[in-house]
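In my numbering, the protein residues as written are 96 to 210. Even glycine gets a Cβ: it sits at the ideal position worked out from N, Cα and C. To start, the structure under review is shown below, and the notes come after it.
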């Protein structure tokens, strides 16, 4: 089951509000979710009333392997940039290790091909 952190639409027509949730990526936009991590109201008058997030829970789900949508990532960058710094550092370290493994496999393949 692949999990994603994304927004779930709430509210009425032309006055939407959103919940930030962890959900199976195969679920519908407004389908059943695993956990609510905050909310976002694009129609709020002030910045502090427009969204609320739980950085510790977002960090927990990112550590468990959940992906994060672009819009939620932008909200988290505004409210809890340290969570994203940790997440991007982890992703970058994984890419570097995968690249090193790939280079090693190519080097071994080239060595056996020349013999």
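Comparing alpha-carbon positions, the option among 98, 105, 104, 157 lying closest to residue 120 turns out to be 98. Shown here, residue 143 sits in a helix according to DSSP, grouped into three states. The straight-line gap separating the alpha-carbon atoms of residue 202 and residue 130 is approximately 45 Å. Following the DSSP letters along the chain, one finds residue 204 inside the alpha helix (DSSP H) bounded by residues 176-209. A Cβ-Cβ distance of about 6 Å is found for the pair residue 114 and residue 105, placing them in contact under the 8 Å criterion.
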